[in-house]
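Student: The following block contains the structure, expressed as structure tokens.
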Amino acid sequence: GVMSIHTYNLEVYGIEAEKGSVLAVVEIFIKKFADGTCVSFFFMISGFLFFRNFDLSMLFQKYKSRVKSIVIPYVAWNTIYYLYYVCVTRIPLIAGIMSGSERMPVGIIPYLQYVWSGYYTLWFLRDLMYLILLAPLWYLLLKRRKYYWPEGILILLIFISLDVIHISALKINAYYVLGAYLGMNRKLEGKVTDKKWVSMHMCDSIALQRVVPVISAVFLPMIIICGSGRYAGRLWYNCLLFAAVWLMMDLFSCEHEVPWWIKCTFFYYCAHDMVLEAVEKIILLIGGRNMFMAWADYILAPVITLLILIASAWILQKYMPPVWKLLSGWRERKG
654 GVMSIHTYNL EVYGIEAEKG SVLAVVEIFI KKFADGTCVS FFFMISGFLF
704 FRNFDLSMLF QKYKSRVKSI VIPYVAWNTI YYLYYVCVTR IPLIAGIMSG
754 SERMPVGIIP YLQYVWSGYY TLWFLRDLMY LILLAPLWYL LLKRRKYYWP
804 EGILILLIFI SLDVIHISAL KINAYYVLGA YLGMNRKLEG KVTDKKWVSM
854 HMCDSIALQR VVPVISAVFL PMIIICGSGR YAGRLWYNCL LFAAVWLMMD
904 LFSCEHEVPW WIKCTFFYYC AHDMVLEAVE KIILLIGGRN MFMAWADYIL
954 APVITLLILI ASAWILQKYM PPVWKLLSGW RERKG
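Here it is as structure tokens:
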């Protein structure tokens with residue numbers, strides 16, 4: 654989803670979206686769809702996993718694990734991007750075709766400022782660190798104990814995140830707090846092994862798994878394309894789509910391990926931008942600005958980028974495991 658957003662190339666190739674070319678229609682639809690879903694998925698899953706069966710006695714251990722899996726990789730990747738732009742903005746041939754060709758300043762203060770603000774594609778992690786830091790607050794507000802007041806607090810937090818209730822300097826992500834609420838209050842009991850229970854409820858399960866994803870896939874995207882574009886409308890759409898995808902995934906579940914490279918999505922997310930930008934610039938230099946090359950760029954650039962990243966992940970895992978652990982947040986994968 655993130656890569657499809659960053660492959661958007663209408664302006665680069667001088668294609669006017671309002672003229673309604675096929676490429677413009679395709680790119681705008683995919684960009685709006687991905688822009689409205691991949692971010693919400695990321696934050697809702699993050700909130701759910703952090704607070705699943707959570708209590709305050711687990712706080713230190715949770716913080717410790719997130720330092721390894723989020724904070725350290727965030728600093729490492731920002732350092733890599735800083736050094737990358739220090740180098741490329743000083744090479745005349747490359748700097749001339751970079752989106753921002755001004756030289757990256759060198760020094761401790763510029764470096765610390767860069768890491769603090771974060772490379773633009775890594776804003777997910779920066780905001781997530783802020784939300785995780787407030788974990789005790791979310792727990793105290795959203796954990797149901799006896800009465801149902803957490804639901805009222807949840808609605809209030811969502812209204813604040815939507816800016817329906819404006820509180821300056823209070824940055825809340827509606828999807829994260831919703832995922833946190835579900836993780837705390839909707840327990841998952843694990844796999845059901847009773848075959849009789851499974852057979853009794855199979856019809857309901859199949860109906861949900863088939864009908865809800867079809868409805869979301871066919872009708873709900875119209876909310877993004879034809880709707881007002883207000884954040885509140887996208888919130889309902891994204892939550893319904895999230896539930897539909899979750900149900901639909903059960904149709905493809907299997908007992909076997911998926912290939913190792915499918916599990917490296919964190920590495921792909923952090924590393925893809927510099928590789929994707931380089932691939933797109935090469936395609937542009939080779940073919941020039943025309944409709945054919947715009948299509949070629951949009952289709953081939955993410956495929957080539959992913960293949961390069963898979964090869965890079967394999968090399969790092971095999972020959973530089975300490976570097977892989979650092980860059981992947983100790984998400985070990987065996988190739």
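According to this note's numbering, the sequence shown is numbered sequentially starting from 654.
Don't be surprised by glycine CBs; every beta carbon is placed ideally from N, CA and C.
Everything numeric in this text was worked out from a predicted model, so none of it was measured.
So what does DSSP say about residue 925, is it helix, strand or coil?
Tutor: Residue 925: helix per DSSP, three-state reduction.
Student: Round the Cβ separation of residue 785 and residue 719 to the nearest angstrom and send it over; I've been treating them as touching at under 8 angstroms.
Tutor: So it is a contact: roughly 5 angstroms between Cβ atoms.
Student: If you draw a straight line from the alpha carbon of residue 662 to that of residue 942, how long is it in whole angstroms?
Tutor: Between residue 662 and residue 942, the C-alpha separation is close to 11 angstroms.
Student: In whole angstroms, what is the alpha-carbon distance linking residue 714 and residue 707?
Tutor: Going from the Cα of residue 714 to the Cα of residue 707 covers about 11 angstroms.
Student: Alpha carbons only, please: which of 962, 925 and 958 is nearest the one belonging to residue 773?
Tutor: That would be 925, whose Cα lies nearest to the Cα of residue 773.
Student: Does the segment 724–734 come close enough to the segment 686–693 that 3 or more CB-CB pairs lie under 8 angstroms?
Tutor: No, the segment 686–693 does not touch the segment 724–734.
Student: Under a Cβ-count criterion, where at least 16 other Cβ atoms within 10 Å of its own Cβ denotes burial, should residue 917 be classed as buried or exposed?
Tutor: By the 10 Å Cβ count, residue 917 comes out buried.
Student: Could you check which residue in 703, 681 and 976 has the C-alpha nearest to that of residue 782?
Tutor: For the residues 703, 681 and 976, the minimum Cα distance to residue 782 belongs to 703.
Student: Give the single residue among 654, 680 and 668 whose Cα lies nearest to the Cα of residue 951.
Tutor: The shortest Cα separation from residue 951 among 654, 680 and 668 belongs to 680.
Student: Distance, Cα to Cα, residue 628 vs residue 780?
Tutor: Shown here, the chain extends from 654 to 988; a query on residue 628 therefore has no answer.
Student: Buried or exposed: where does residue 973 fall if 16 or more other Cβ atoms within 10 Å of its Cβ makes it buried?
Tutor: So residue 973 counts as exposed.
Student: Thinking just about the alpha-carbon of each residue, which of 827, 940 and 834 is nearest to the one in residue 889?
Tutor: Per the Cα distances, 827.
Student: Are the beta-carbon atoms belonging to residue 963 and residue 932 less than 8 angstroms from one another?
Tutor: Not closer than 8 angstroms, so no.
Student: What distance in whole Å lies between the Cβ atoms of residue 757 and residue 768, which are believed to be in contact at a cut-off of 8 angstroms?
Tutor: Between residue 757 and residue 768 the Cβ distance is about 13 angstroms, and since that is not below 8 angstroms, they are no contact.
Student: Assuming the contact rule is C-beta atoms closer than 8 angstroms, residue 914 and residue 966 should be a hit. Round their C-beta distance to whole Å, please.
Tutor: Their Cβ separation, rounded to whole angstroms, is 7 angstroms, which keeps residue 914 and residue 966 in contact under 8 angstroms.
Student: Pull up the CB-CB distance for residue 832 and residue 699, whole angstroms please, since I reckon it's below 8 angstroms.
Tutor: Contact flag correct, Cβ pair sits at about 7 angstroms.
Student: Comparing alpha-carbon positions, which option in 909, 930 and 835 lies nearest residue 953?
Tutor: Considering only alpha carbons, the answer is 930.
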